[in-house]
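Take a look at the structure set out below.
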Amino acid sequence: MKKLMLTAASLFMVIMLCACGGGKTASEPIPDIDPAALITAEDVAAYAGYTPVIEETGTAREGNVATVLYRSEPIGEQDIVSVKITQFTDTIDYQAIFEEYEQGKAKRSSAELVDSIGQEAYIAFPTIHVYDRGCLIEITAGSGSDEAQSELLKSLAVTAAARLEEIVPEYTK
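Start counting the sequence shown at 49; every next residue gets the next number (the numbering used here).
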């Protein structure tokens, strides 16, 4: 009788644990996100006003960090656009990524908080930093530290955050 009760209790616990599933959690790995999928060459052309090429030496993946660099042809004719994504993995918790975001923001006294992009965002020229869905997106674009550069960064960040939501739709923290 004790064995039957122990077996029933164990089975009940397994069923309850299985019922708690659903959606991606911060402990589940997410697919490697290609920064060129967050901001495409067409996006750069639309927002930055030139037809870019991907700079192969500026495109890389190292662990949980991936970058892509768009440049003009010929080189130096227009400002570059750089997109970097740092994402959580099965070994790097999303909280560590958020702490990286917070530490970066704390180091920049000129950081301008931006509403309605990702979970949190700020601009520290020439880069916009967006934390969303356990990932840190950093986009560098334009020059001048003015309203035009700010609008360029925000436009690119809105696009990147929307695409991140498509790639990681069920993320919950």
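Beta carbons are placed, not taken as given, at the ideal position from N, Cα and C, and that holds for glycine. None of the values given here were measured: they were computed from a predicted structure.
{"Query": "Beta-bridge pairing of Q143 - partner residues as DSSP gives them", "Result": "Looking at the DSSP assignment, Q143 forms no beta bridge with any residue, so it has no partner."}
{"Query": "Cβ contact (3+ pairs, closer than 8 angstroms) linking the region 156-170 and the region 103-123", "Result": "no"}
{"Query": "Beta-carbon contacts of I185 that lie in its chain and below 6 angstroms, excluding the five residues immediately before and after", "Result": "I133, V178, A208"}
{"Query": "Host beta strand (DSSP E) of Q135 (start-end)", "Result": "129-135"}
{"Query": "Assigned secondary structure, A93 (DSSP; H/G/I helix, E/B strand, else coil)", "Result": "helix"}
{"Query": "One or two residues paired with E186 in a DSSP bridge", "Result": "K132, H177"}
{"Query": "Rounded distance between the beta-carbons of T115 and G106, thought under 8 angstroms", "Result": "7 angstroms"}
{"Query": "Alpha-carbon to alpha-carbon, A96 and T73", "Result": "Here the model assigns T73 a pLDDT of 47, short of 50, so the residue's position is not dependable and the matter cannot be decided."}
{"Query": "Minimum C-alpha distance to D223 - residue among A205, E213, E218", "Result": "Since the first and last residues shown for the chain are 49 and 221, residue 223 lies out of range."}
{"Query": "Backbone CA spacing between D127 and S120 [nearest angstrom]", "Result": "7 angstroms"}
{"Query": "Exposed unless 16 or more other CB atoms sit within 10 angstroms - verdict on S158", "Result": "exposed"}
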